[in-house]
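For the record, the sequence lines run as chains A and B. Note that the working numbering has the first sequence beginning at 14, numbered continuously upward. Note that the working numbering has the second sequence beginning at 9, numbered continuously upward. We put the CB at the ideal spot given by N, CA and C, even for glycine. Have a look at the structure below, then the notes.
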Amino acid sequence: MEIRTTPDTLASSGMPRGLLSILASLKFTLVILFALAGGVLAAFRGDADPLWALALPLGLFAVNLGTAVVLHPAFRRQPPLLLFHLALIALVLLLAVGRLTYLKGHLELTEGEAFSGELAGWQAGPWHPWRLDRVKFINEGFRIDYAPGVKRGPTSNVIAWQDADGIWRRGVIGDDQPLLLGGYRFYTSFNKGFAPTFAWRRIGRMGDPVIGSVHLPSYPMHEYSQARAWRLPEGGPALWTQLKFGEVILDPDQASTFRLPEKHSVSIRVGEGASEILREMRPGEVLRLPEGELSYLGLRAWMGYTVFHDPTLPWMLAAVLFAVACLAWHLYSKYFARPWNREA
Amino acid sequence: MEQELALLWTALASYVLAGTLAIVGIVLGRRPERWVLTLLCLGLALQSLSLGLRWVRLEHGPFVTMFEILASNVWSLTLIYTLAYWRQPAVRPAAAVVMPILFLMMGWMITTSPEAGHLPPTYHTIWLWFHVAFGKVFLGSVLVAVGLAGVILLRNLPRAATRFANLPASARLEDLAWRFMALGLIFETLMLTVGALWAQDAWGRYWDWDPLETWAFLTWLALAFGLHARMAWNLSERISAMLVLGVFVLAFLTFFGVPFVSTAPHQGAI
Ligand code: HEM
């Protein structure tokens, strides 16, 4: 290698020596950038816990930058360069705050169903404020057109929601048009499907029956496994339900629209072995079980949603745009002041 | 479609002629620069027409299939290099490095299918335009830098040295190369930012370390590494040129290698 060793830029420009100068040195920056690249790769390949593989180098990054910003004379001479690096520190700090407070989750709602605040699955930072119970919206149905070859077009999902003043509003959201509510962003996902809906009345129970839907596996992704095992509420028995229909919903040879089948039935299996009950049901039919009465009300569609919350998003964007502007300013003043084909 | 392809083939022929002329000129010590520039401009005009016709026919830009991505990058890289060629005579001999890279992409492009793809639902956004445009300027800047770095490296070969003798000293070319790299850094940062903005709404998260995001970020780190390495050490021109080459290889693999091996995550889903 032909690296000509020269005194460290830091040491030669009036920097203090010792630990601080190492912490603030540009060579340390290079080590950190290398470590960060290693951490990114390890996290990407699943060899390391992404949190630590990234958090550790990023922590060092902030320390290195922080000390350099204070001690390195280059930053005093070049304010835009200083501002650029300060924006980088801000970005790392915002990233940390974002990781501590974020929420990423998913949920499913049957047509006509209101969001109850419950998620089907989620990941969240330890400081996430959990304000989902204040969010109120209803899935009022969706439309998705498909191009030939079962290529999905945009999703249009009609949503009714309650705004901050308690007023109900209606609008359309889609794949990349979220519902912004209470600091959360709700997106429709590519998961959606059929939901047989039932009413269940337990023997001896007064009042209205319990109404609920079973979300069958996502359609058309799981076209050939439209069945699911589930359990009736209030300690009712376990069931297995399969949707049956003969018609083609999404035709690979022509443009089509996601819709419910015109004619269908559901197979219901309760119990096993000698006590097994197997029934084919159409909308309006009732199945009497030892524990109560199960009515099949009909088929609806369900939509899958993802929800995302990260309060740092606008700040991160501001920090990045500020950083880019400072970087452009620095490079402009540095390079335009000196022609490239002459010695400095 | 036949008309589009005919125009494309003529454009490619024009590029290849320009590139060959430039390279032969360097080997023979001649400077047919006007001809090279004219042929490059002619090729660009024809390819613009070809891309435009396809755009009108399919009602979407060249963003979807590998054919479209390669074609639009051949166009944008040639455009950026032609501008640099015209404005900066110093980068002209870099054609010996730049043109073979473009030939490689053209060769690859003609092996891919020109059939239409399906525009994913999340592509109907203004972010797509900015993301693609910033990416093209980024890659174009790094391509010009790699041309200059290539000249520095070629100069070290015993027979090639005389071919580049009338160019500025390697130290100056290295300086110019890193100016293009710095420009590349600005545009790559913008490309990543707009990509994250788009991803937030297209996929419900601004960043998720999918293969393309991961490699694009590694390229960004490599660029930052290169800029700081030049300041931390007094690098020789050769090592500095190799750093430029390294960043370019990473960027090239990110743009064309990753989508080639993994189409799943950074695309629309079912
Ligand atoms: C890890 C912490 C970092 C430290 C301590 C650091 C430190 C420095 C210092 C001291 C300089 C000025 C050197 C001089 O003029 O003598 C500098 C320049 C610069 N840094 Fe950083 N930096 C860090 C991270 C980054 C990162 C992540 C980037 C991202 C791209 C970056 C981009 C730049 C640029 C573009 C310049 C100016 C280059 C030029 O003028 O040609 N830095 N950095």
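Per DSSP, the bridge partner or partners of residue i
| i | result |
| --- | --- |
| I224 (chain A) | A:A212 |
| T270 (chain A) | A:D158 |
| Q175 (chain A) | A:W181 |
| F321 (chain A) | A:K117 and A:R198 |
| K257 (chain A) | A:S278 |
| S2 (chain A) | Within the shown structure, residues of chain A are numbered from 14 to 357, placing residue 2 (chain A) beyond reach of any answer. |
| R244 (chain A) | A:A251 |
| E306 (chain A) | A:R214 and A:R301 |
| R292 (chain A) | A:I281 |
| N152 (chain A) | A:I172 |
| G311 (chain A) | A:T210 |
| K164 (chain A) | A:A160 |
| K205 (chain A) | A:M316 |
| W143 (chain A) | DSSP lists no partner for W143 (chain A). |
| A137 (chain A) | A:L116 |
| I186 (chain A) | A:N170 |
| L344 (chain A) | None; L344 (chain A) has no bridge partner. |
| T123 (chain A) | A:W315 |
CB of residue i within 7 Å of CB of residue j, strictly
| i | j | result |
| --- | --- | --- |
| A137 (chain A) | T80 (chain A) | no |
| F74 (chain A) | I35 (chain A) | no |
| D189 (chain A) | T270 (chain A) | no |
| T254 (chain A) | I281 (chain A) | yes |
| L162 (chain B) | A153 (chain B) | no |
| G125 (chain A) | R214 (chain A) | no |
| L108 (chain A) | G118 (chain A) | no |
| G184 (chain A) | H322 (chain A) | no |
| A230 (chain B) | L258 (chain B) | yes |
| A185 (chain B) | L165 (chain B) | no |
| L15 (chain B) | S56 (chain B) | no |
| T325 (chain A) | V105 (chain A) | no |
| F155 (chain A) | W174 (chain A) | no |
| L310 (chain A) | V163 (chain A) | no |
| P176 (chain B) | N354 (chain A) | yes |
| P70 (chain A) | A48 (chain A) | yes |
| L54 (chain B) | T18 (chain B) | yes |
| W140 (chain A) | T114 (chain A) | yes |
| F203 (chain A) | L256 (chain A) | no |
| W315 (chain A) | T123 (chain A) | yes |
Any non-hydrogen atom of the ligand NAD closer than 6 Å to residue i Cβ
| i | result |
| --- | --- |
| W353 (chain A) | Questions concerning the ligand NAD fall outside what the structure shown contains, since the ligands it does hold are the ligand HEM. |
Candidates the options, of which the one nearest residue i by Cα
| i | options | result |
| --- | --- | --- |
| L94 (chain A) | A:L344, A:W174, A:P352 and A:A350 | A:L344 |
| S84 (chain B) | B:G143, B:P176 and B:W17 | B:G143 |
| C49 (chain B) | B:V24, B:R65 and B:R39 | B:V24 |
| M294 (chain A) | A:V279, A:K164 and A:W65 | A:V279 |
| F263 (chain B) | B:F233, B:P129 and B:N81 | B:N81 |
| V171 (chain A) | A:G162, A:F199 and A:R147 | A:F199 |
| V283 (chain A) | A:F207, A:A314, A:A331 and A:R244 | A:R244 |
| R180 (chain B) | B:W116, B:R95, B:S149 and B:I160 | B:I160 |
| A124 (chain B) | B:I77, B:E196, B:L200 and B:T90 | B:I77 |
| V105 (chain B) | B:G265, B:L261 and B:V252 | B:V252 |
| A87 (chain A) | B:L127, B:M239 and B:S244 | B:M239 |
| S248 (chain B) | B:A26, B:T197 and B:R187 | B:R187 |
| E245 (chain B) | B:A224, B:P129, B:E182 and B:L66 | B:E182 |
| F211 (chain A) | A:V223, A:T201 and A:K205 | A:V223 |
| T86 (chain B) | B:F75, B:L47, B:M74 and B:G234 | B:L47 |
| G249 (chain A) | A:L64, A:P167 and A:R301 | A:R301 |
| A79 (chain B) | B:W63, B:H132, B:L191 and B:W206 | B:W63 |
Below-7 Å beta-carbon distance, residue i vs any chain D residue
| i | result |
| --- | --- |
| A341 (chain A) | No chain D is present in this structure, whose protein chains are A and B. |
The region 235-255 of chain B: which residues have C-beta closer than 8 Å to a C-beta of chain A, in chain order?
Residues H236, A237, M239, A240, W241, N242, L243, S244, R246 and I247.
What are the uninterrupted segments assigned as alpha helix (DSSP H) that are 4 or more residues long and contained completely in the region 59-104 of chain A, given in chain order?
For the region 59-104 of chain A, whole alpha helix (DSSP H) runs of length 4 or above, ordered along the chain, are 63-84 and 86-90.
Note down, in chain order, all residues in the region 180-204 of chain B with a beta-carbon under 8 Å from any beta-carbon belonging to chain A.
Listed by position along the chain: R180, D183, L184, R187, A190, L191, L193, I194, T197, L198 and T201.
Which residues, taken in chain order from the region 91-113 of chain A, show a beta carbon closer than 8 Å to some beta carbon of chain B?
Look at the region 91-113 of chain A: it has no residue with a C-beta under 8 Å from a C-beta of chain B.
In the region 101-129 of chain B, which residues sit with their C-beta less than 7 Å from some C-beta in chain A, listed in chain order?
When C-beta distances to chain A are compared with 7 Å, the residues of the region 101-129 of chain B below that value are H126 and P129, in chain order.
Pick out the complete beta strand (DSSP E) segments inside the region 182-213 of chain B, 3 residues or longer, and give them in chain order.
The qualifying runs do not exist here; there are none.
Which residues, in order along the region 212-226 of chain B, keep a beta-carbon less than 8 Å from a beta-carbon of chain A?
Within the region 212-226 of chain B, the qualifying residues are G212, R213, Y214, W217, P219, T222, F225 and L226.
Please list the segments of the alpha helix (DSSP H) lying wholly inside the region 123-163 of chain B, counting only runs of 4 or more residues, in order along the chain.
Entirely contained in the region 123-163 of chain B, the alpha helix (DSSP H) runs reaching 4 residues are, in chain order, 134-163.
To be precise: take each residue of the region 154-179 of chain B, compare its Cβ to all Cβ atoms of chain A, and keep it if any distance is under 7 Å. Which residues remain?
Of all residues in the region 154-179 of chain B, P176 have a Cβ within less than 7 Å of some Cβ in chain A.
Would you list, in chain order, the members of the region 42-60 of chain A that have their beta-carbon closer than 8 Å to a beta-carbon of chain B?
Listed by position along the chain: T42, L43, L46, F47, L49, A50, V53, L54, A56 and F57.
Taking Cβ-Cβ distances below 9 Å as the criterion, which residues of the region 150-181 of chain A are in contact with chain B?
If the cut-off is 9 Å between Cβ atoms, the region 150-181 of chain A has I157, A160, G162, V163, K164, R165, G166, P167 and T168 near chain B.
Interfacial residues, the region 49-65 of chain B to chain A, with Cβ spacing under 9 Å:
The residues in question: there are none.
Counting only Cβ-Cβ distances shorter than 8 Å, please list the residues of the region 193-204 of chain A near chain B, keeping chain order.
Shown in chain order are the members of the region 193-204 of chain A whose Cβ falls below 8 Å from a Cβ of chain B: R198, Y200, S202 and F203.
Looking at chain B, which residues of the region 70-91 of chain A have a Cβ within less than 7 Å of any of its Cβ atoms?
For the region 70-91 of chain A, which is checked against every Cβ of chain B, not one residue is closer than 7 Å.
Which whole runs of the alpha helix (DSSP H) in the region 24-68 of chain B are 4 residues long or more, in chain order?
DSSP assignment within the region 24-68 of chain B yields the following whole alpha helix (DSSP H) runs of 4 residues or more, N-terminal first: 41-66.
Give me the subset of the region 20-43 of chain B whose CB atoms are less than 7 Å from a CB atom of chain A, sorted by chain position.
Listed by position, the residues of the region 20-43 of chain B near chain A (Cβ gap below 7 Å) amount to none.
When you check each C-beta in the region 116-143 of chain A against every C-beta of chain B, which residues fall closer than 8 Å?
Result list: K117.
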